[in-house]
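Novice: Quick one: this structure, given as structure tokens, is what I'll be asking you about.
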Amino acid sequence: MGISTYEVMYIQAKDNYPYNVDECIEKLHYVIAADSEHTGAQFLMGKIYEEQLEDYKQAEYYYRMALYVDNSYLPAYYQYAEMLINLNRIDEALKIIARENCTRCGYGDARMLIGIFV
């Protein structure tokens with residue numbers, strides 16, 4: 057059994073990021089249409105919308121989708137929290153960090169972690 061077409065397209069999108077954003081978006085749309093629960097595709101789409109297109113509403117949507125699909129996907133927690141901090145939405149970022157760290161530390165520790173980003 058080989059690798060699926062949409063998985064190949066996801067790998068190509070990752071390889072092309074950030075050099076060919078339009079092609080990345082096209083491939084990721086295909087991947088997400090084929091498998092809406094592809095965490096990596098949802099996350100990468102969020103990064104593109106945040107870092108390249110500066111559409112933070114769409115970026116937030118894709119980060120939330122990635123976390124909905126896999127609530128243990130650490131890159132999405134950190135990227136999403138960092139974006140919120142950069143948008144001066146500190147309380148929301150604290151909640152995201154606290155949610156990710158809920159089994160290891162509490163809300164007070166999450167506040168301390170914010171110092172990493174600001």
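Numbering-wise (the working numbering), the sequence shown opens with residue 57 and increments by one.
Note that beta-carbon positions come from the ideal geometry of N, C-alpha and C, so glycine has one too.
With a threshold of 8 Å on Cβ separation, who are the neighbours of THR95 within its own chain once the five nearest residues in sequence on each side are excluded?
Specialist: So the qualifying residues of the chain are ALA122, VAL125, ASP126, TYR129 and ALA132.
Novice: Pull up the distance between the alpha-carbon of VAL87 and that of GLU148, whole angstroms please.
Specialist: 29 Å
Novice: In terms of alpha-carbon separation, which member of TYR119, GLU110 and LEU100 lies closest to ASP71?
Specialist: LEU100
Novice: Candidates HIS85, TYR73 and ARG145: which alpha carbon is nearest TYR118's?
Specialist: HIS85
Novice: What residues in its chain sit with their C-beta under 8 Å from that of LEU143, if we drop five residues either side in the sequence?
Specialist: TYR112
Novice: Quick one: what's got a C-beta closer than 6 Å to ALA137's C-beta in the same chain, skipping five residues either side?
Specialist: For ALA137, where only same-chain residues beyond five positions count, the Cβ hits under 6 Å are ALA149, ILE152 and ILE153.
Novice: Taking the Cβ atom as the reference point for each residue, do GLU106 and GLN68 lie within a distance shorter than 9 Å?
Specialist: no
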